[in-house]
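S.K.: Below is one structure. I have some questions about it.
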Amino acid sequence: MIRNTSILFLGIIFGVLLTEGILRANYSRLKNYNTEMWRYANELKLLVPDSGIGHIHKSNAAANLYDVKIETNNLGFRGPLDFNPTDTSRRKILIIGDSIGMGWGVPYQDSFAGLIQKKYTGSFDVWNTSVGNYSIHNQIGVLKKWEGVKFDLVIQLYYINDAEVIEYPNRVSHFFQSNFLLYSFLADSLIKILHSDKGNYRKFYKETYLSKNIFFESFNGILSWSEVRKIPHLFINIPEMHQFKQYPFPKIHNLIEKGVQHYPHITYLDLLPMLRDHNPEGLWVSKEDQHPNIKANKLFFDSARPYLEKLLNHEKRN
561 MIRNTSILFL GIIFGVLLTE GILRANYSRL KNYNTEMWRY ANELKLLVPD
611 SGIGHIHKSN AAANLYDVKI ETNNLGFRGP LDFNPTDTSR RKILIIGDSI
661 GMGWGVPYQD SFAGLIQKKY TGSFDVWNTS VGNYSIHNQI GVLKKWEGVK
711 FDLVIQLYYI NDAEVIEYPN RVSHFFQSNF LLYSFLADSL IKILHSDKGN
761 YRKFYKETYL SKNIFFESFN GILSWSEVRK IPHLFINIPE MHQFKQYPFP
811 KIHNLIEKGV QHYPHITYLD LLPMLRDHNP EGLWVSKEDQ HPNIKANKLF
861 FDSARPYLEK LLNHEKRN
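Here it is in structure tokens:
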């Protein structure tokens, strides 16, 4: 009995290792959005469970992900420029967001942050603290980490799933998630099953906002952080990228807008009206990946530009 169990156990291990080897050998042919996100987590992210942030980018790291080069600077922010937090002679723009703010699937120079840096080169350092899988609960930790730095403007790129509470794996789970590509492919298959129809992603987003107390604790924490410090804050509400004309989440969208309206010094920009006449798929990174593409990032920047000019000129006068 023990011998049979041992043979079975060894057979399972051999099968897992063989499958892992086959997947790695054929990765370039099999890769997709979810497996590239797995690589992103392994090659560019670090878990920091006791920091109040959860996870961060590795500093001075680089990887080609989804056919786009993503590199981080000395502080772990995406972009080619290194920054000195103690340099008070440099004016600073702080961007907080998730993978959309980070510019997933888009070359840095074509991303929202990259376009801002290009526009204000020589005038401002653009601190893009956005990291994939960040929610507002992570972002409040980012603000606390850098609260000793003087910022001239905060730009918050808000997406509908930013209310999600991120659950981090224990050490054992993290070991398997980090070291086995097989895990990524199994997770990818499960995700495709769970999200095989439009109703599932809609259900997920609606359930994310059921715990309003948890949501508003971090939501209000971010806005009050800027309000108390009298830092100009541009809140950009990015609609869910599947459907614009008959938008399926008006209640959530209105909830966000009303939440911002409680803060008179926070500037609100709703991108939904601007996007209504656009075909959503024409703004995706790929058919399987609804992240905003180069065109979408340019649209976001063009919409934000008048607000940036006004807020930065106001800050300069003060």
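Going from the sequence shown to this note's numbering is simple: count from 1 and add 560. Positions of the beta carbon are idealized from the N, C-alpha and C atoms, including for glycine.
1. Which residue from Arg650, Gln806 and Gly663 puts its Cα closest to that of isoleucine 630?
2. How many Å lie between alanine 864 and glutamate 596 at the Cα?
3. Per DSSP, what kind of secondary structure is glycine 614 in: helix, strand or coil?
4. Using the three-state DSSP reduction, which class does isoleucine 798 fall into: helix, strand or coil?
5. Would you grab the beta carbon distance between valine 686 and isoleucine 653 for me? Rounded to a whole angstrom, and I think it's under 8 Å.
6. Specify whether the segment 680-700 and the segment 778-788 touch according to this definition: at least 3 beta carbon pairs, one from each stretch, less than 8 Å apart.
7. What does a CB cutoff of less than 8 Å around threonine 632 pick up in its chain, not counting 5 residues either side in sequence?
8. Looking only at C-alpha atoms, which of Ser683, Asn797, Ala856 and Trp785 sits nearest to aspartate 722?
9. Taking DSSP's pairing of strands, which residues face threonine 827 in a bridge?
10. Helix or strand or just coil, what does DSSP make of aspartate 658?
11. Going by CA-CA distance only, name the one from Leu868, Lys710, Leu675 and Lys811 that's closest to arginine 762.
12. Going by the CB atoms, is the gap between tyrosine 626 and tyrosine 668 shorter than 9 Å?
13. Given that a residue counts as buried once 16 or more other Cβ atoms are within 10 Å of its Cβ, and exposed if not, what is proline 852?
14. What did DSSP end up calling lysine 629 once you bin it into helix, strand or coil?
15. Verify whether the separation of the beta carbon atoms of glycine 701 and aspartate 849 is less than 9 Å.
16. Smallest Cα separation from isoleucine 826: which of Gly614, Lys790 and Leu606?
17. I need the boundaries of the alpha helix (DSSP H) containing phenylalanine 684, first residue and last residue.
18. Are threonine 681 and isoleucine 655 close, meaning C-beta to C-beta below 9 Å?
19. Per DSSP, what are the beta-bridge partners of lysine 652 in this structure?
20. Per DSSP, what are the beta-bridge partners of arginine 638 in this structure?
21. Could you pull the DSSP bridge partners for tyrosine 718 from this structure?
22. Suppose you measure from the CA of glutamate 841 to the CA of asparagine 634; what does that come to, to the nearest Å?
23. Roughly how many angstroms separate the alpha carbons of asparagine 839 and threonine 768, rounded to a whole number?
24. Below 8 Å CB to CB, which residues in the same chain sit around tyrosine 719 once its five sequence neighbours on both sides are set aside?
25. Within the continuous alpha helix (DSSP H) that includes leucine 832, where are the two ends?
M.R.: On the basis of the data shown:
1. The shortest Cα separation from isoleucine 630 among Arg650, Gln806 and Gly663 belongs to Gly663.
2. Each residue's Cα considered, the two are about 30 Å apart.
3. Note: glycine 614 maps to strand in three-state DSSP.
4. Residue state for isoleucine 798 is assigned as strand, using DSSP reduced to three classes.
5. In this structure valine 686 is in contact with isoleucine 653, their Cβ atoms being roughly 5 Å apart against a cut-off of 8 Å.
6. Yes, the segment 680-700 is in contact with the segment 778-788.
7. Taken in chain order, the residues that qualify are Leu604, His617, Lys618, Ser619, Asn620, Ala621, Ala622, Arg638 and Gly639.
8. With distances taken between Cα atoms, aspartate 722 lies closest to Asn797.
9. Answer is Leu794.
10. Here aspartate 658 sits in coil by DSSP.
11. For the residues Leu868, Lys710, Leu675 and Lys811, the minimum Cα distance to arginine 762 belongs to Lys811.
12. No, they are not a contact pair.
13. With at least 16 other beta carbons inside 10 angstroms of its own, proline 852 counts as buried.
14. Correct three-state label for lysine 629: strand.
15. Contact: no.
16. Looking at the Cα atoms, Lys790 is the closest of the given residues.
17. Here phenylalanine 684 belongs to no alpha helix (DSSP H); instead the beta strand (DSSP E) covers 684-688.
18. For threonine 681 and isoleucine 655, no; Cβs fall outside 9 Å.
19. DSSP lists Asp685 as partners of lysine 652.
20. For arginine 638, which the question treats as bridged, DSSP gives the partners Thr632.
21. In the DSSP assignment, tyrosine 718 forms a beta bridge with Asn797.
22. Just so you know, the alpha carbons of glutamate 841 and asparagine 634 end up roughly 35 Å apart.
23. Their Cα atoms are separated by approximately 26 Å.
24. Taken in chain order, the residues that qualify are Gly657, Asp658, Ile660, Ile798 and Glu800.
25. For leucine 832, the enclosing alpha helix (DSSP H) has its first and last residue at 832-835.
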